[in-house]
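Structure first, then comments.
Numbering (UniProt numbering), first residue to last: 1 to 277.
Here it is as structure tokens:
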């Protein structure tokens with residue numbers, strides 16, 4: 001910035017991944033930028049939303065997540081096992097014939113991986129009859145499968161949100177609207193779970209209906225707690241979601257009072273614009 005003589009005063013927003021080197025209060029990059037650019041705000045990079053799901057996840061849910069990863073890695077670790085599993089899926093007429101290999105680098109892969117392993121659970125059960133594995137009994141455990149179904153659902157919802165936010169020509173106002181909507185959806189999901197209504201989580205709902213069982217109360221409470229934590233994380237990362245300072249940009253014809261930071265002359269021009277028929 002100094003070399004190219006770029007004025008720090010023009011920097012109004014900085015996005016980081018949340019690492020200590022970036023967000024440290026004294027020597028972090030964000031703090032140093034804000035020291036130079038007094039009016040600069042900071043936000044958490046949307047590319048690193050994996051933290052939203054796992055940062056405050058319960059030990060039980062985290063265990064299911066990691067065990068699902070181990071199951072997939074076991075199948076994919078040897079080419080012969082992968083080919084045998086693929087052939088078995090084809091014989092059973094499965095929609096999918098392969099499992100997605102999980103990677104730590106791209107958290108979006110976890111969402112796709114969880115969906116795939118849940119949809120192939122019956123094929124995996126059949127496969128493990130002839131291939132011993134320490135975690136094979138998980139596929140007969142209703143509590144484990146119910147938790148897996150929920151995790152597949154919530155990761156899928158977050159994946160969809162992330163893809164929308166990364167769409168072409170998506171501006172900050174549109175992204176903010178999507179995040180506000182998602183936060184409100186979470187509140188609705190919490191309310192639904194409290195009433196033992198799980199239609200908003202398609203895979204979990206279908207699994208419970210297919211199995212003709214009620215969701216374990218401990219898992220239900222775990223889902224509610226996780227959703228509440230997810231909503232709190234969203235609020236922590238984006239503290240100004242409900243800020244209406246830029247509402248005039250989206251709805252100039254509905255503004256009834258001078259927006260914050262507006263010069264009186266600019267507001268006068270906005271009034272003329274909003275009244276021009």
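Here a beta-carbon is modelled for each residue, glycine too, at the ideal position from N, C-alpha and C. Please read these numbers as outputs of a predicted model, since none were measured by experiment.
Cα-Cα separation between residue 160 and residue 136, rounded to whole angstroms: 30 Å
Run through the stretch 125-167 for me and flag every whole alpha helix (DSSP H) of 4 or more residues, listed as ranges in chain order. 142-165
At least one CB of chain B closer than 8 Å to the CB of residue 195: is that the case? As a matter of chain content, chain B is missing from the structure shown, which is built from one protein chain.
Suppose contacts are defined by Cβ-Cβ distances below 8 Å. Is residue 40 in contact with residue 67 by that definition? no
Name the residue from 170, 115, 33, 144 whose alpha carbon lies nearest to the alpha carbon of residue 62. 144
Residue 30: first and last residue of the uninterrupted alpha helix (DSSP H) it sits in: 29-36
Go ahead and pull the three-state DSSP assignment for residue 212. coil
Alpha carbon to alpha carbon, how far is residue 148 from residue 169? 35 Å
By Cβ distance, which residues of its chain are closer than 8 Å to residue 100, with the 5 residues on each side in sequence left out? With a pLDDT of 43 at residue 100, under the threshold of 50, the modelled position of this residue cannot be trusted, and the question is left open.
Give the single residue among 216, 206, 162, 226 whose Cα lies nearest to the Cα of residue 189. 226
Taking only three categories from DSSP, how would you classify residue 275? coil
DSSP state of residue 13, grouped into three classes? strand
In terms of residues, what are the limits of the alpha helix (DSSP H) holding residue 180? 172-194
Residue 10 and residue 118 closer than 8 Å at C-beta: no
Pairwise C-alpha distance: residue 177 and residue 258: 22 Å
Could you check what DSSP says for residue 94 in three-state terms: helix, strand or coil? Residue placement at residue 94 is poorly supported in this model, since its pLDDT is 49, which falls under 50; the coordinates still yield a value, given next. Residue state, collapsed to three classes: coil.
Bridge partners - residue 42, DSSP secondary structure assignment: 14
Element boundaries [alpha helix (DSSP H), containing residue 57]: Careful: residue 57 lies outside any alpha helix (DSSP H) and carries neither H nor E.
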